[in-house]
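Residues -19 to -1, 1 to 254 in mature numbering (1 follows the signal peptide of the UniProt record, and there is no 0) are what the sequence shown lists, from first letter to last. Just below is one structure, and these are the notes that go with it.
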Amino acid sequence: MKKYIYCLLLNWLVLPAWANQPADLYLHIPDTAVVSELADTTETAQVAERSKLSVLARKMAVPTLLITLGITHMDDEGLFEGSRGLRRVVRSNYQDFNTQIDNYTYHVPVAMAVGLNLAGVRGEHHFTEQAILLGMTHLLNRTLTNNLKTLTAIDRPDNSSDDAFPSAHTSRAFAYATFFHKEYGKRSVWYSVAGYSFATATGALRILNDKHWLSDVLAGAGIGMLSAEVVYLVYPYIQRKIAQSHHKKNQQLGVMPFHSGGATGIALIYRIP
């Protein structure tokens, strides 16, 4: 009987003290289901991040390669024939070659995009958004190309000026071809083939016309592709920022390219009803 009394007394003395201890002193056994779910979420996030980096690397690979080849061919023999070696071959075989068609061929991908929209063939974006994306691509491409021309000051093969590197015609051609590929390449590979064929023809004609070195054309192609790729990467981010800043139903923000009096830019239109 005394043993039972001692036990009851011990319980009465110990339990209240234990019950008043802070919660963090208890031993927590994690829920295996929760732990498993957290691990799966972390693994999924890591896979998604690696996937994004992989996609980014693939998008930047070709433009980077072309720009690198252009730089290695500047003002020397470079790889294979090089810029000067190729010009000697072209001049010996096409000395009297002269055409102005290269002033128009780089516009063809844009014309095809407009034509497909008029025919009711939808691209990846609505026509209005295509205009915005094209305007942003043009502005970025023009900024990069013109600044590089000023910085490098490379003489043209025919010595007509010192703004050879990179080729602006080729740069625009590949920027517009990449834009066309982004919008319609998923519908048919032949759309992409057509756009890049006109871009390649533009670069080749610039060399045949003795207006550019091989290095100018290679770098121009890379810069053109890079311009469009960068715009398509940042455009969703810009959309999200605009949506977050102007979420009210009756407020609208419009973005559209404009060209007036020789000036080109992007107009922001904010309407409050």
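The C-beta atom is built at its ideal place from N, Cα and C for all residues, glycine as well. Keep in mind that this is a model prediction, so the values were computed, not measured.
A distance below 7 Å separates the beta carbons of T126 and A149. In the three-state reduction of the DSSP assignment, D143 falls in the coil class. With three or more CB-CB distances shorter than 8 Å, the region 185 to 194 counts as touching the region 71 to 80. Of the residues assessed, Y85 falls on the exposed side of the cut-off, its CB having fewer than 16 other CB atoms within 10 angstroms. Note that the region 168 to 179 does not touch the region 210 to 221; fewer than 3 beta-carbon pairs, one per stretch, sit closer than 8 Å. Within a 10 Å sphere around the beta-carbon of H193 sit 16 or more other beta-carbons, which makes this residue buried. Inter-residue distance for R137 and I223 is about 43 Å (C-alpha atoms, whole angstroms). Taken atom to atom, the span from the alpha-carbon of H88 to that of R221 is near 31 Å. The beta carbons of A200 and I48 sit closer together than 7 Å. Out of L97, T109, I113, the CA that lies nearest to the CA of S169 is found in L97. Counted as a single uninterrupted DSSP element, the alpha helix (DSSP H) harbouring A156 occupies residues 149 to 165. Distance from the CA of T109 to the CA of R72, rounded to the nearest whole angstrom, comes to 45 Å. Secondary structure note for A185: its alpha helix (DSSP H) is the uninterrupted segment 170 to 189.
Per the coordinates, the alpha-carbon of T131 lies some 21 Å from the alpha-carbon of M206.
Boundaries of the alpha helix (DSSP H) around A202: 195 to 226.
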